[in-house]
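Chemist:
In my numbering, the protein residues as written are 802 to 1038.
(1) Pop quiz: residue 885 and residue 858 are said to be a contact at Cβ under 8 Å. What is the actual Cβ separation, rounded to whole angstroms?
(2) Using only the alpha-carbon positions, how far apart do residue 1032 and residue 981 sit?
(3) Between the alpha carbons of residue 937 and residue 964, how many angstroms are there, rounded?
(4) Starting from the C-beta of residue 820, find all residues in its chain whose C-beta is less than 8 Å away, skip the five residues before and the five after it, and write them out in chain order.
(5) Just the C-alpha distance for residue 939 and residue 824, rounded to the nearest angstrom, thanks.
(6) Using C-beta distances below 6 Å, list every residue in its chain close to residue 835, excluding the 5 sequence neighbours before and after it, in chain order.
(7) May I ask which residues mark the beginning and end of the alpha helix (DSSP H) holding residue 1003?
(8) Which residues in the same chain have their Cβ closer than 7 Å to the Cβ of residue 1127, if we skip the five residues on either side of it in sequence?
(9) Give the DSSP-derived three-state secondary structure of residue 899 in the structure shown.
(10) Within 10 angstroms of the Cβ of residue 889, are there 16 or more other Cβ atoms? Answer buried if so, exposed if not.
(11) Measure the beta-carbon distance from residue 861 to residue 844 and round it to whole angstroms, keeping in mind my assumption that it falls under 8 Å.
(12) Go through its chain and collect everything with a Cβ distance to residue 1004's Cβ below 6 Å, but skip five positions before and after it.
(13) In angstroms, rounded to a whole number, what distance separates the CA positions of residue 948 and residue 1008?
(14) Any idea what DSSP makes of residue 883, helix, strand or coil?
(15) With respect to the beta strand (DSSP E) encompassing residue 840, which residues constitute its N-terminal and C-terminal limits?
(16) Can you list, in chain order, the residues of its chain whose CB lies under 7 Å from that of residue 875, leaving out five sequence neighbours each side?
(17) Give me the Cα-Cα distance between residue 991 and residue 883, rounded to the nearest whole angstrom.
(18) For residue 830, which residues of its own chain have a beta-carbon under 6 Å away from its beta-carbon, when the five flanking residues on both sides are left out?
(19) For residue 937, which residues does DSSP report across the bridge?
(20) Hey, residue 827 and residue 816: beta-carbon distance below 8 Å or not?
(21) Between 839, 910, 920, 971, which has its C-alpha nearest residue 951's C-alpha?
(22) Can you have a look at residue 850 and say buried or exposed, based on whether 16 or more other CB atoms are within 10 angstroms of its CB?
(23) Is the Cβ-Cβ distance between residue 856 and residue 962 less than 8 Å?
(24) Does residue 886 have its Cβ less than 8 Å from a Cβ in chain C?
(25) Near residue 818, which residues of its chain fall below 7 Å by C-beta distance, leaving aside the five closest residues on each side in sequence?
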């Protein structure tokens, strides 16, 4: 991501293959104070993300070439941690979870209100900025998180996280060896946004485990009936 959030208006890349929706979203977001770029296909989105380094991507799932999930996957595989807000007509829980697993940070279902899109975007950007957190470098066992550099490593190997994954891991590290409930996580990471429930937390915890604990001694643990904790396996609560 670029540093426009601190030095000027946040930059948004809007991706939708329907010209009327693309133009409307771009116009509304410009009027809301954002610097906006548009793309009408998956390939164009990947090229624009590389060229403009946006602070957030508003990404339609249904595109004529690559679908939005594949675009998000390719961004993540390239090491791009830009937050992604999916626009989707797929309302099934499985589809929403698939989007989060692909590297998305949130989703808005079609038909949507323009106000909801703007509010969701602002909420994601707040999470990206990690407000009201004083510790910029955290270390637990062989896991390191640097807020200023927006970088996470384990045993010296860099781990690429989405904005929400980064914020969630930061919260777990701040509370290392303490157990935090799903509701505490929602209140801190999602600011108790409407529509957020425990299934979203479960999805992101699963994603973090896949990235942080893969091939390593597990650090992220479930305390059944209570919540989650970051701790070495030998440490007991």
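Using N, Cα and C, we set each Cβ at its ideal position, and we do this for glycine too.
Modeler: The short version:
(1) 5 Å
(2) 12 Å
(3) 15 Å
(4) 841
(5) 42 Å
(6) 810, 811, 813
(7) 999-1009
(8) Because the chain in this structure spans residues 802 to 1038, residue 1127 falls outside the shown range and cannot be described.
(9) helix
(10) buried
(11) Wrong, their Cβ atoms sit about 14 Å apart, outside the cutoff.
(12) 898, 901
(13) 19 Å
(14) coil
(15) 836-840
(16) 847
(17) 17 Å
(18) 813, 837
(19) None, per the DSSP bridge assignment.
(20) no
(21) 971
(22) buried
(23) no
(24) Absent from the structure: chain C. Only one protein chain is present.
(25) 841, 842, 861, 864, 865
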